[in-house]
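Note that the working numbering has the sequence shown beginning at 99, numbered continuously upward. Note that beta-carbon positions come from the ideal geometry of N, C-alpha and C, so glycine has one too. First up is the structure itself, then whatever we jot down about it.
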Amino acid sequence: MKKKNKSSEPGNNWMDTYGDMVTLLLCFFVLLYSISSVDQAKWIQVVKSFNPDAKEVSQIVTDTTAEGNDPVPGGTESSGDELTFDGLYETLKQYVDNNGMTSEVDLYKGDGYTFVTFRDKVFFDGDSSVIKPEGKAVLDQFAQALSSAKDSIQEIQVLGHTTQADSSRQNTVEFDRVLSAERSARVAAYLQEKSLVDPQKLVSVGYGQFRPIAPFDTEENRAKNRRVELLITKSDSVMMSLDQYYEEMNKK
């Protein structure tokens, strides 16, 4: 009668399985640690080593920010804090108040819109349409706030205005129209460059001297007419004409 061979001890097989599992877990955690700070080029190399035929590779984005590289206010980075439309007004008002700009910037909150008026000296010198550096600093802050409220915004109208230099006769047509249009376009373009608001929501209009808010009789009144305005309307709100907005604001 043939003798049965002694089988290997079955009780030791689990050790092999356990050792393999520990090794795999160790490799997995080492891989996680290594890709937590990997740059895009290294990540692409890792993925292609597993799948040489991969045509598109997604980049890993971590929440950490390199020291000394804080996001630029109003730039393409988003803070992640979404503002409501009402919160947008409060944020802009707080900025104006905290920076002592209440004599240069007026804010009005209406039903479904926020209206901002900048005296021309905030952004421009004399008859220039080039935005001053200090004006850009103000627009940076506004761009950041607009970016945070972009989903609640229907439209942003940038309105440029001049004044009638001589109360007895109108300005030259080319100077008047072109200057107001250039100023509004420059501000709109800067907001488009610095904010995350859909460019289709940005509109620039130059009214020249034809939407004054004060008479042309004194220098003080003429200075009030030289201005740039932002009309920011809420999503799904009913749009009105500019004269209707003026009329509503003057009632309060």
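Closest option to Q298, judged by alpha-carbon separation, among Y305, G304, Q290: Q290.
By the beta-carbon neighbour count (other beta carbons within 10 angstroms, threshold 16), S278 is buried. A buried status is given to R284, since no fewer than 16 other beta-carbon atoms sit within 10 Å of its beta-carbon. In this structure, DSSP gives K350 a state outside helix and strand, which the three-state scheme calls coil.
Taking L244 as the centre and dropping the five residues before and after it, the same chain places the C-beta of S293, V295 closer than 6 Å to its C-beta, in chain order.
Three or more Cβ pairs closer than 8 Å define a contact, and the segment 217-232 meets that threshold against the segment 315-326. As the crow flies, the alpha-carbon of M119 is around 12 Å from that of F127.
G304 sits in a strand when the DSSP states are folded into three classes. In this structure, E327 lies near F213, with their beta-carbon atoms less than 8 Å apart.
Every unbroken stretch of the beta strand (DSSP E) spanning 3 or more residues and falling wholly within the segment 198-240 is given here in chain order: 203-208, 211-217. For V194, the three-state secondary structure derived from DSSP is helix.
Straight-line measurement puts the Cα of C125 at about 60 Å from the Cα of V336.
In the displayed model, V336 falls within coil according to three-state DSSP, outside both helix and strand.
By the neighbour-count criterion, in which a residue is buried when 16 or more other Cβ atoms sit within 10 angstroms of its Cβ, D264 is exposed.
As the crow flies, the alpha-carbon of L122 is around 51 Å from that of T189. Excluding residues up to 5 positions away in sequence, F222, R284 lie with their Cβ nearer than 8 Å to the Cβ of V228 in the same chain. The Cβ neighbour count for K332, taken over all protein chains shown within 10 Å, is at least 16; the residue is labelled buried.
In terms of CA proximity to S302, V256 leads the group Y116, Y193, V256.
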